Structure formats: structure tokens, C-alpha cells
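Residue numbering for the sequence shown follows the numbering used here, beginning at 27 and increasing consecutively.
For every residue, glycine included, the Cβ atom is placed at its ideal position computed from N, Cα and C.
Because the structure is a prediction, the values reported are computed rather than measured.
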Amino acid sequence: MDPADLDIYVRSMKEVPAQIFCHALKNMLSIDLTLETYAQIIDGLPTVDIAYNCRSPGLFSDDHPIEDHQELCPGAVERAQPFMEGLDMSILTFNPKLLRSYSRAPISSRPFFLRLVELIASVLHEIGALLFQLNLRLHQGDVDAVTKWTAEPGDEELLRPTLLNHMLYMDHDVYPSGVADMVGFWAEDRIIGGVTVFDRRSEEAGAFPNIYLLSNRVRTTD
Numbered sequence: 027m028d029p030a031d032l033d034i035y036v037r038s039m040k041e042v043p044a045q046i047f048c049h050a051l052k053n054m055l056s057i058d059l060t061l062e063t064y065a066q067i068i069d070g071l072p073t074v075d076i077a078y079n080c081r082s083p084g085l086f087s088d089d090h091p092i093e094d095h096q097e098l099c100p101g102a103v104e105r106a107q108p109f110m111e112g113l114d115m116s117i118l119t120f121n122p123k124l125l126r127s128y129s130r131a132p133i134s135s136r137p138f139f140l141r142l143v144e145l146i147a148s149v150l151h152e153i154g155a156l157l158f159q160l161n162l163r164l165h166q167g168d169v170d171a172v173t174k175w176t177a178e179p180g181d182e183e184l185l186r187p188t189l190l191n192h193m194l195y196m197d198h199d200v201y202p203s204g205v206a207d208m209v210g211f212w213a214e215d216r217i218i219g220g221v222t223v224f225d226r227r228s229e230e231a232g233a234f235p236n237i238y239l240l241s242n243r244v245r246t247t248d
């Protein structure tokens, strides 16, 4: 993942920040947790342990069919791996203002690392959303059956369009990419440990923004 292969925005970075960004992103994409996360998006369902760990709404019955999804379907990892290894950065969108702020920040300063985290988080989110939009799911019928299952009549209001969700980011009707952004938030949480949120009020006051992780894990603080 050489800086020369990035799209026009990333190539506009200064050389050293671009190299650091590429190296950081390559590291994040190479870890097993990232592969497992994106493979679940291709699968269409989280494994049962992750579904319950993420406290997905409606999963409060021992009879829920997600109980049978103990592991990824065959082929999910095999599809995810080449996608990640051959990722075409030109399909991603980058916020020009964020890129400029990152590129202009002094190397190794707090603003530099804050912007780096924000860039990486945005890319991980977008990859998750794109994978969902590509509709690579291996068994769509099974995915729909599990996603739409209810324990009792009238529980339909608990249903979500996907079990790949973060309990604090369910409003897909207001997200630019709809349900795909729900999945992007879920991926961000799984890989980083939470959805990254920045306190922009401190920026307006001339101070550096704080960063928070909104976690969707059991026994984990927000």
C-alpha cells in the first residue's frame, strides 16, 4: 500500500504523513480481528458469541436461530482476505479538511495522532459499509430468516435491518449510507474497541479535541 497508489486527496499529503498513514492502515488491515470482522459482513451475520457480546436488541431468547451460528460460513474468510489485500484506495472517500489537518500537524504531536486515529477509523468504517453494499452475503435467505426472527408475535418492533449493529447507532434512516453505515459503525467498534467520537467544542475554543470510544461490548465502559 504505497502512497503513490492512493487517490488524489491522499497523494496531496506530505510524504512522511502519507507513509505513516499507509503503514498504520496496513497494520490495522493485517490483524486477525479485522479479517474476522469483515468476513462476518460478507457472511451476513455475526457469530453467536459476538452477537451477544454486542448486546444486539432482540437477542434475549435461547431459541433465537443465531444460536446455531457458532462459526463463519465456509468461504467468508476466503472472500474477505483478497479484498483487504488488494484494497483499491480510490474507491474510498476522504474528508479533504481532515487530510489537510493531519498533513499539516507536527509529526508525533497530539493533533497529528488524533487526526491519524480519525483517518484510520473513517477508513475502517467505510470498508465495512462498502462490503455490506457489495452484497457478497453467502446465504441471503438464511441471513433474512435469522435477522427477522422474533420470539413472540408483536416483537417485530425490536427487529433491526441487520444484526451487525451498534446499539447506539441504529438510526439508519438518517445516515448517508443508510443500513451500510450501521454496519460500518459495528465494524469500527469491533476493530478499534468502540466508535470514535471527537469533542469538537474544544476545537472551537482553540484547544485540541478529546477523543472517546463508545464501546458496544458487555462489561466495557463507554
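Rounded to a whole number of angstroms, what is the C-alpha to C-alpha distance between Asn242 and Leu194?
Translated into positions along the sequence shown, residue 242 becomes position 216. Translated into positions along the sequence shown, residue 194 becomes position 168. About 8 Å.
Which residues mark the beginning and the end of the beta strand (DSSP E) in which Leu240 is found?
Here residue 240 is taken as the residue at index 214 of the sequence shown, counted from 1. Residues Ile237 to Leu240.
Margin query: Helix, strand or coil, according to DSSP, for Phe120 in the structure here?
Written below: Residue 120 sits at position 94 when you count from the first residue of the sequence shown. If DSSP states are grouped into helix, strand and coil, Phe120 belongs with coil.
| message | Counting C-beta neighbours from all protein chains within 10 Å, is the total for Val209 16 or more, i.e. buried, or is it exposed? | response | Locating residue 209 in the sequence shown gives position 183, counting from the first residue. Buried is the call here.
inquiry  = At the level of alpha carbons, what is the spacing between Trp175 and His90?
reply    = Walking along the sequence shown from the start, residue 175 turns up at place 149. Walking along the sequence shown from the start, residue 90 turns up at place 64. So the two alpha carbons sit approximately 7 Å from each other.
- prompt: Just the Cα atoms here: how many angstroms apart are Ala65 and Leu98?
  reply: Translated into the one-based positions of the sequence shown, residue 65 becomes position 39. Translated into the one-based positions of the sequence shown, residue 98 becomes position 72. Cα to Cα, the separation comes out at about 8 Å.
| message | Does Asp69 pass the burial test, meaning 16 or more other C-beta atoms within 10 Å, or should it be called exposed? | response | By one-based count along the sequence shown, residue 69 stands at place 43. The residue in question, Asp69, is buried, as its Cβ has 16 or more Cβ neighbours within 10 Å.
Within a Cβ cutoff of 7 Å, which residues of the same chain sit near His49, ignoring the five residues on either side of it in sequence? Within the sequence shown, the letter at position 23 stands for residue 49. None.
inquiry  = Just list the residues that DSSP pairs Phe224 with in beta bridges.
reply    = Counting from 1 along the sequence shown, the entry for residue 224 is found at position 198. Its beta-bridge partners are Ile237.
So, with DSSP's three-state summary, where would you put Ile133?
Along the sequence shown, read from residue 1 onward, the residue named residue 133 stands at position 107. Ile133 falls in the coil class under three-state DSSP.
From Asn53 to Arg105, what does the alpha carbon distance come to, in whole angstroms? Reading the sequence shown from its first residue, position 27 is the one you call residue 53. Reading the sequence shown from its first residue, position 79 is the one you call residue 105. Approximately 19 Å between the Cα atoms of the pair.
*DSSP three-state assignment for Ala30, whether helix, strand or coil*: Along the sequence shown, read from residue 1 onward, the residue named residue 30 stands at position 4. The predicted position of Ala30 is uncertain, since its pLDDT is 47 and thus under 50; a value taken from the coordinates is nonetheless stated next. Ala30: helix per DSSP, three-state reduction.
> Is the beta carbon of Leu145 sitting closer than 8 Å to the one on Leu124?
Replying inline: Walking along the sequence shown from the start, residue 145 turns up at place 119. Walking along the sequence shown from the start, residue 124 turns up at place 98. In contact: Leu145 and Leu124 (Cβ atoms closer than 8 Å).
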